[in-house]
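Before any comments, here is the structure.
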Amino acid sequence: MNRTYQIITPAEEQDIEGEWQSCLAQLREMGRSNKLFKLVVFIDAEEEEKYLRYRTIIINDIIEQFKDEVPAHTVLAQKPENGFHVTIEAGTMSSGEVEITFKEVNDLFYTVVRDSFHKEIWACGMGSKNFSSGDVKEDSSGAFTDMLQVLENEGMNMDNVVRQWNYIGHILHIERRGGKAIQNYQVFNEVRSQYYKKYRNGKDFPAATGIGTSAQGVSIDFYAVEEYKEVINVPVDNEHQQNPYAYGQDVLVGVALSNRNKKEPPQFERARLLAFPGNTTLFVSGTASIVGEKTVGVNDLKRQIDTTVRHIKTLTDSNNIKKHVPDFVTTSANYLLLRIYVKYEKDFAPVRNMCEQIYPGTPMVFVKADVCRDDLLVEIEGEVMFD
Numbered sequence: 001m002n003r004t005y006q007i008i009t010p011a012e013e014q015d016i017e018g019e020w021q022s023c024l025a026q027l028r029e030m031g032r033s034n035k036l037f038k039l040v041v042f043i044d045a046e047e048e049e050k051y052l053r054y055r056t057i058i059i060n061d062i063i064e065q066f067k068d069e070v071p072a073h074t075v076l077a078q079k080p081e082n083g084f085h086v087t088i089e090a091g092t093m094s095s096g097e098v099e100i101t102f103k104e105v106n107d108l109f110y111t112v113v114r115d116s117f118h119k120e121i122w123a124c125g126m127g128s129k130n131f132s133s134g135d136v137k138e139d140s141s142g143a144f145t146d147m148l149q150v151l152e153n154e155g156m157n158m159d160n161v162v163r164q165w166n167y168i169g170h171i172l173h174i175e176r177r178g179g180k181a182i183q184n185y186q187v188f189n190e191v192r193s194q195y196y197k198k199y200r201n202g203k204d205f206p207a208a209t210g211i212g213t214s215a216q217g218v219s220i221d222f223y224a225v226e227e228y229k230e231v232i233n234v235p236v237d238n239e240h241q242q243n244p245y246a247y248g249q250d251v252l253v254g255v256a257l258s259n260r261n262k263k264e265p266p267q268f269e270r271a272r273l274l275a276f277p278g279n280t281t282l283f284v285s286g287t288a289s290i291v292g293e294k295t296v297g298v299n300d301l302k303r304q305i306d307t308t309v310r311h312i313k314t315l316t317d318s319n320n321i322k323k324h325v326p327d328f329v330t331t332s333a334n335y336l337l338l339r340i341y342v343k344y345e346k347d348f349a350p351v352r353n354m355c356e357q358i359y360p361g362t363p364m365v366f367v368k369a370d371v372c373r374d375d376l377l378v379e380i381e382g383e384v385m386f387d
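For the sequence shown, position 221 matches number 221 in my numbering, and the numbering has no gaps at all.
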């Protein structure tokens, strides 16, 4: 399966709408030679009204442009690094080896890919069409409800989810209620746990990212796989990091929503390996400068990047993968895509410089976003294919 990613930027600096039209023209040309299966549009729109206005324009244009072949898509309030107001992460596939179809259920657009070994779903923007007025619990439930609807429409369930992206508006925000501290990210974790307990049967979890946006609301993107035969689908961990679902209570912020007074930890794997004949991919979760379960390198950008890169190297190392799949033969790792979240705009340039030296030639997108801990300055996620 020939899956590739391109980072699209405008031809010149304009306002958001002008830059979007420039990017849309490039998407139109890309769509002539390959199938667009996924679009993630990042826009510089911190004001709520501005974000919602341009989100509507962009989504309507995507639907109008691609008509019967509308790819999975979402629009995120995460400022791009490159000086533009708009940047797109575009995923394309060659349809020669697979069957690609584009579907929609209740205004939820997603892409289905089939071959003789498996069926996969790429879905974006779950929950984003009906943002509430800042109720994170309600928004999170809405996103998971949309997710279930798409999965059920394809005869799948949450056990089929391999990779999940969780976008939480103002992720670090803490609201005081009756003397209790309610953190947006912890609220999302509580809701995620409730849905997983109800709708998942497996003991492990998807690879995932939990990241902030500058607009309120919660949305989810996901990748799910129904396996037919000869497929390896296993979690991959990192001996230098505690699995997040085993975090202690002291590193979780705020209070629990349940009556048990026990906060639910983030439920995801450090990475997940999916392999079938001719294709082996490692989905690397959002990775940051956490050793064990503690943040290291507080206020030290270089140390945080060095630690994060070392974690990713561990995850992708053939010896580490063989711990999880003993008879699996890995070769060189080819980074298909990296997404780098940076907390402060002032750190964009040094982060880019370091990442370009470490991952030369890799498609990378850099956006401004709060990571799940206030003392984390950068987070990196990726998709890695083994030759």
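The beta carbon of each residue, even a glycine, is placed where N, CA and C say it ideally should be.
Short of 6 Å in beta carbon distance, which residues of its chain neighbour cysteine 124, apart from the five on each side in sequence? Order them along the chain. Here the question's residue 124 lines up with position 124 in the sequence shown. These residues qualify, in order along the chain: Ala72, His73, Thr74, Asp221.
Neighbourhood of valine 384 by C-beta, 6 Å cutoff - its chain only, sequence neighbours within 5 removed: Residue numbering aside, residue 384 sits at position 384 when the sequence shown is read from its first letter. Only Leu282, Thr316, Ala333, Tyr335 meet the Cβ criterion.
Flag this pair as yes or no: are the beta carbons of proline 10 and valine 367 separated by less than 7 Å? Counting from one through the sequence shown, the residue named residue 10 turns up at place 10. Counting from one through the sequence shown, the residue named residue 367 turns up at place 367. No, these two residues do not count as a Cβ contact at 7 Å.
Lysine 229 - DSSP class collapsed to helix/strand/coil: Locating residue 229 in the sequence shown gives position 229, where the first residue counts as 1. Coil at lysine 229, not helix or strand.
With 16 other CB atoms within 10 Å as the buried threshold, where does tyrosine 228 fall? Within the sequence shown, the letter at position 228 stands for residue 228. It is exposed - the Cβ of tyrosine 228 has fewer than 16 other Cβ atoms within 10 Å.
Quick check: the segment 40 to 50 against the segment 103 to 121, are at least 3 beta-carbon pairs closer than 8 Å? no
Taking C-beta to C-beta, are serine 219 and tyrosine 167 nearer than 7 Å? In the sequence shown, counting from the first residue as 1, residue 219 sits at position 219. In the sequence shown, counting from the first residue as 1, residue 167 sits at position 167. Yes. Within cutoff.
Can the beta-carbon of glutamine 304 be found closer than 7 Å to that of valine 253? Residue mapping note: residue 304 aligns to position 304 of the sequence shown, counting from 1. Residue mapping note: residue 253 aligns to position 253 of the sequence shown, counting from 1. Contact flag unset, no.
Taking the alpha-carbon positions, what's the isoleucine 43 to aspartate 61 distance? Working through the sequence shown from its first residue, we reach residue 43 at position 43. Working through the sequence shown from its first residue, we reach residue 61 at position 61. Approximately 15 Å, taken between the alpha carbons.
Using DSSP's beta-bridge definition, name the partner residues of lysine 180. On the sequence shown, position 180 is the one that residue 180 refers to. Note: lysine 180 sits in a beta bridge opposite Arg177.
Considering only C-alpha positions, which residue in the set Gln249, Glu269, Arg272, Arg270 is nearest to asparagine 261? The count along the sequence shown starts at 1 and reaches residue 261 at position 261. Nearest of Gln249, Glu269, Arg272, Arg270 to asparagine 261, Cα basis: Gln249.
Where glycine 248 falls: helix, strand or coil (DSSP): Here residue 248 refers to the residue found at position 248 when the sequence shown is read from its first residue. Correct three-state label for glycine 248: coil.
Taking only runs of the beta strand (DSSP E) that begin and end inside the segment 314 to 344, which ones reach a length of at least 3 residues, in chain order? 333 to 342
With DSSP run on the structure shown, which of helix, strand or coil describes threonine 308? The sequence position of residue 308 within the sequence shown is 308, counting from 1. Of the three classes helix, strand and coil, the one that applies to threonine 308 here is helix, per DSSP.
Cβ atoms of isoleucine 100 and alanine 224: under 7 Å apart, would you say? The residue you call residue 224 lines up with position 224 of the sequence shown. The residue you call residue 100 lines up with position 100 of the sequence shown. No, they are not a contact pair.
Would you decide whether glutamine 78 is buried or exposed? Buried here means 16 or more other CB atoms lie within 10 Å of its CB. Counting from 1 along the sequence shown, the entry for residue 78 is found at position 78. The residue is buried, with at least 16 neighbouring Cβ atoms inside 10 Å.
Evaluate alanine 25 with the Cβ neighbour count: other Cβ atoms within 10 Å of its Cβ, from every protein chain shown; 16 or more gives buried, anything less gives exposed. Sequence index remark: in the sequence shown, residue 25 carries index 25 (1-based). Exposed, since its Cβ has fewer than 16 Cβ neighbours within 10 Å.
Per DSSP, which residues does glutamine 164 bridge with? Please list them. In the sequence shown, counting from the first residue as 1, residue 164 sits at position 164. Answer is Ala208, Phe222.
Rounded to whole angstroms, what's the CA-CA distance from asparagine 201 to asparagine 157? Just pull it up for me. The residue given as residue 201 occupies position 201 in the sequence shown. The residue given as residue 157 occupies position 157 in the sequence shown. Spanning the two alpha carbons is a distance of roughly 10 Å.
Alpha-carbon to alpha-carbon, lysine 35 and alanine 275: For the purposes of this step, residue 275 is taken as the residue at position 275 of the sequence shown. For the purposes of this step, residue 35 is taken as the residue at position 35 of the sequence shown. Using only the alpha carbons, I get a separation of about 22 Å.
Based on the DSSP output, what are the partners of arginine 114 in its beta bridges? Along the sequence shown, read from residue 1 onward, the residue named residue 114 stands at position 114. The partner list for arginine 114 (beta bridge, DSSP) reads Glu99, Lys119.
Which runs of the beta strand (DSSP E) at least 3 residues long sit entirely within the segment 2 to 43? Give them in chain order. 3 to 8, 35 to 43
Helix, strand or coil at proline 350 according to DSSP, with G and I counted as helix: Locating residue 350 in the sequence shown gives position 350, where the first residue counts as 1. Three-state DSSP puts proline 350 in a helix.
Could you give the DSSP three-state label for arginine 373: helix, strand or coil? Your numbering for residue 373 matches position 373 in the sequence shown. Here arginine 373 sits in coil by DSSP.
CB-CB length for glutamate 264 against alanine 271, believed under 8 Å: Here residue 264 refers to the residue found at position 264 of the sequence shown. Here residue 271 refers to the residue found at position 271 of the sequence shown. Not a contact, Cβ separation roughly 21 Å.
Suppose the cutoff is 6 Å on Cβ atoms and the five residues either side in sequence are ignored; what does the same chain contact list for valine 164 look like? Residue mapping note: residue 164 aligns to position 164 of the sequence shown, counting from 1. In the sequence as presented, valine is not what sits at residue 164; that position holds glutamine. Closer than 6 Å at Cβ, skipping near neighbours: Pro206, Ala208, Phe222.
Would you please state the rounded distance, in angstroms, between the beta carbons of glycine 292 and glutamine 242? I believe it to be under 8 Å. Taking the first residue of the sequence shown as 1, we reach residue 292 at position 292. Taking the first residue of the sequence shown as 1, we reach residue 242 at position 242. Going by Cβ atoms, the distance from glycine 292 to glutamine 242 rounds to 5 Å, so yes, they are a contact pair.
Which listed residue (Ile63, Ser193, Tyr247, Asn2) has its alpha carbon closest to that of aspartate 115: Here residue 115 corresponds to residue number 115 of the sequence shown, with the count starting at 1. Of the listed residues, the one whose Cα sits closest to aspartate 115 is Asn2.
Aspartate 374 vs leucine 172 beta-carbon contact at 7 Å: As a working mapping, residue 374 is identified with position 374 in the sequence shown. As a working mapping, residue 172 is identified with position 172 in the sequence shown. For aspartate 374 and leucine 172, yes; Cβs fall inside 7 Å.
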